[in-house]
Amino acid sequence: MSGRKQFLQQLGLMAGAFSANSLFNELHAAEISSANSRVNHLSPISVATDEDYWSVIQQAYTVSPQIINLNNGGVSPSPRVVQEAVERYNKLTNEGPSYYMWEILDQGREPLREKLAELGGCNKEEIVINRNATESLNTVILGLDLKAGDEVIGCKLDYPNHMNAWKQRAMRDGIVYKQLSFNFPVENDEEIVAAFENAITPKTKIIHVTHVINWVGQILPVRKISDMAHRHGLEVVCDGAHSFALLDFKIPDLGCDYFATSLHKFLSAPIGSGMMWIKQDKISKIWPLLANGDPRGTNIRKFETLGTRSFPIEQGIGEAINFQLAIGNKRKEERVRYLKNYWAERVINVPKVKIKTSLKSAYSCAICGVSIDGIGPRELERILFTRYKIHTVPIDYENVSCVRVTPHVYTRLPELDKFVRAIKEIAAAGK
């Protein structure tokens, strides 16, 4: 590479993802803009079935043709623009780490915070940039001032890392951690809200609610739970790992006090990127997970005292935001829901096949569980991969027994057709 070309590339990197020189503008803006202009007059539901439009989006990904990846609920691949941004930032960093990290790339943190706040519909002074939802929720769970006897209400189908954090507080501090049981799918908001409300006692302080249950994709009515909790003087902690950048919502609209997500799921940001939101008047009361010089301060940045971290991963988030905004939140939600319904509706009436997730739009979007009578989850997952090269994840947890299937915007209909055929063949053969 010539010295001038390298210099210009470095200038582009220094300008960041939100400049005219962004990688997104270089690689995808014109093509996606052209595709958008063709469908802008259509509703998001109508665009959801426009295969010509989504073929443009699919081409932005570099997924392996050797397998069909239907486990995007764990971690999603990044589009090529995000991958290249991380690679370029990493290369730039290694040309002079302490200079390019601290003097150049770190300057992109505040613009990134602002863009994340815009995406979440909130104040940038409420946004923490970190590594995942587990780090975020551990910060809140371990940072709250709770005393022996204080009660927290959660659910047995919350994410294990977060349940373990509450259990640790019970062991260490003597709090009481109460967990509700649900037989999902539940297609009644009032039933779910009532279950939480009926568990409240005068000692209850916190309700922990998962926006989208990771095991089977059930969407919980967070706003209704939050409103009920606040009437009782309680605070609400929300796990949004599987909802942010998939469902079309603004964080304050959920009514919760604390919100956490992993950006490497449906935002398709670099793997190992996350975000936390704390309502501004709650910041001072949360102790940082990693010690800070002003632990009782009101500056949201007190939660970012990580030390040396990956600036390339962090700054790569910006290109993922560009990609997300180019598609549009609601358009993306409707497409992924369409993909889930596409395969589920084709197997729901197949003998021995059971769908473990509601297909109503209010109660699910991407994630759906499926089982076949007489075949355990691990065996079904094994058959799907060894025979058909279809990657899913087995779920055998509490009262859930299925394989979890999660498509993404890059998933193609022929891949889902193959999955449907596989389920039918396995069910017919009984093995």
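Under the numbering used here, the first residue of the sequence shown is numbered 8, with each subsequent residue one higher.
Think of the CB as a built atom: it goes at the ideal place given N, C-alpha and C, for glycine as much as any other residue.
All values derive from a computational prediction rather than experimental measurement.
Where residue i and residue j are concerned, what is the direct C-alpha to C-alpha distance, given to the nearest angstrom?
i: N79; j: G325; result: 20 Å
i: E419; j: F426; result: Sequence check: residue 419 is Arg here, not Glu. R419 and F426: Cα-Cα distance of roughly 11 Å.
i: S83; j: I374; result: 13 Å
i: N406; j: F191; result: 9 Å
i: S280; j: I136; result: 8 Å
i: K286; j: E133; result: 6 Å
i: K363; j: P259; result: 30 Å
i: V193; j: S62; result: 34 Å
i: Q114; j: R308; result: 14 Å
i: G304; j: K289; result: 10 Å
i: L15; j: I39; result: Confidence at L15 is low in this model, with a pLDDT of 41, below 50, so the placement of that residue should be treated as unreliable; the coordinate-derived value is given next. Cα-Cα distance, rounded: 25 Å.
i: P401; j: V412; result: 9 Å
i: A267; j: G127; result: 11 Å
i: K187; j: V410; result: One detail in the question is off: residue 187 reads as Leu in this sequence, not Lys. Distance between the alpha carbons of L187 and V410: 23 Å.
i: S85; j: A155; result: 44 Å
i: P421; j: A37; result: 27 Å
i: E158; j: L241; result: 10 Å
i: A298; j: N145; result: 14 Å
i: T399; j: Y106; result: 43 Å
i: L366; j: N348; result: 7 Å
i: G262; j: E102; result: 45 Å
i: P209; j: V416; result: 46 Å
i: S223; j: P72; result: The question names Ser, but residue 223 is Val in the sequence shown. If you take the alpha carbons of V223 and P72, they lie about 26 Å apart.
Hey, out of the options, whose CA is closest to residue i's CA?
i: R179; options: L187, L149, I207; result: L149
i: W173; options: N195, V147, N190; result: V147
i: S368; options: R344, L313, Q90, I382; result: R344
i: E110; options: L119, T100, P118; result: T100
i: P167; options: A248, L297, N130; result: A248
i: E311; options: R87, S40, R120; result: R120
i: R396; options: I430, D403, C409, S233; result: This sequence places Lys at residue 396; Arg is not what is there. When only C-alpha atoms are compared, the closest one is I430.
i: L30; options: A327, K361, R394; result: A327
i: D234; options: S408, T268, F203; result: F203
i: Y60; options: S41, L112, L151, E142; result: S41
i: R3; options: P51, I232, K438; result: Beyond the ends of the chain as shown, which are 8 and 438, falls residue 3; an answer cannot be given.
i: I232; options: Y106, P209, N195; result: N195
i: L270; options: C263, M283, C129; result: M283
i: K163; options: Y404, A434, A435; result: Y404
i: E142; options: L296, N336, D380, P72; result: L296
i: I355; options: K131, G376, I64; result: G376
i: V200; options: R238, K210, P358; result: R238
i: K339; options: A55, H48, V46, R45; result: A55
i: S371; options: P228, V70, R87; result: P228
i: I481; options: E58, R138, A252; result: As shown, the chain starts at 8 and ends at 438. That puts residue 481 outside it, with no answer to give.
i: V221; options: R230, K98, H169; result: Note that residue 221 is Asn in the sequence shown, not Val. For N221, the nearest C-alpha among the options comes from H169.
i: G81; options: Y265, S53, K272; result: K272
i: E125; options: E352, V360, L332; result: L332
Look up residue i in the DSSP assignment and say whether it is helix, strand or coil.
i: Y68; result: coil
i: H398; result: strand
i: L297; result: coil
i: S29; result: coil
i: T211; result: strand
i: D403; result: strand
i: V216; result: strand
i: V46; result: helix
i: G130; result: According to the sequence displayed, residue 130 carries Asn and not Gly. Here N130 sits in coil by DSSP.
i: N139; result: coil
i: R419; result: coil
i: V427; result: helix
i: G437; result: coil
i: S83; result: coil
i: V54; result: helix
i: I390; result: helix
i: V410; result: strand
i: N76; result: strand
i: E479; result: Nothing about residue 479 can be reported from this structure: the residues present for the chain run from 8 to 438 only.
i: I355; result: coil
i: A206; result: coil
Thinking residue i and residue j are a contact (beta carbons under 8 Å), I'd like their distance in whole angstroms, please.
i: L423; j: L346; result: 7 Å
i: L77; j: P414; result: 6 Å
i: V244; j: I213; result: 6 Å
i: V89; j: S317; result: About 14 Å separates the two Cβ atoms, so there is no contact after all.
i: S250; j: V219; result: 5 Å
i: G323; j: P277; result: 4 Å
i: K185; j: I226; result: Not really, about 22 Å apart at Cβ, beyond 8 Å.
i: A434; j: P358; result: 7 Å
i: H35; j: F330; result: 7 Å
i: E341; j: I52; result: 5 Å
i: R87; j: A67; result: 6 Å
At a threshold of 7 Å, does residue i count as lining the ligand FAD (C-beta to nearest heavy atom)?
i: E132; result: The ligand content of the structure shown is nil, which means the ligand FAD is not present either.
Practice prompt. Report the residue ranges of all beta strand (DSSP E) runs contained in full by the segment 357–388; include only those spanning at least 3 residues, in chain order.
Written response: With a minimum length of 3 residues, the continuous beta strand (DSSP E) runs that stay inside the segment 357–388 are 360–362, 375–379.
Worksheet item: Which ranges would you report for the beta strand (DSSP E) in the segment 227–293 if only whole runs of at least 3 residues count?
Response: Segments of the beta strand (DSSP E) lying fully in the segment 227–293: 242–246, 265–269, 281–285.
Item to complete: Would you list, in sequence order, the uninterrupted alpha helix (DSSP H) runs of no fewer than 4 residues that lie entirely inside the segment 143–199?
Response: If one requires a minimum length of 4 residues, the alpha helix (DSSP H) runs lying completely within the segment 143–199 are 167–180, in chain order.
Fill in: Entirely enclosed alpha helix (DSSP H) segments - the segment 294–348, minimum 4 residues
Within the segment 294–348, the runs of alpha helix (DSSP H) that reach at least 4 residues and sit entirely inside it are, in chain order, 318–334.
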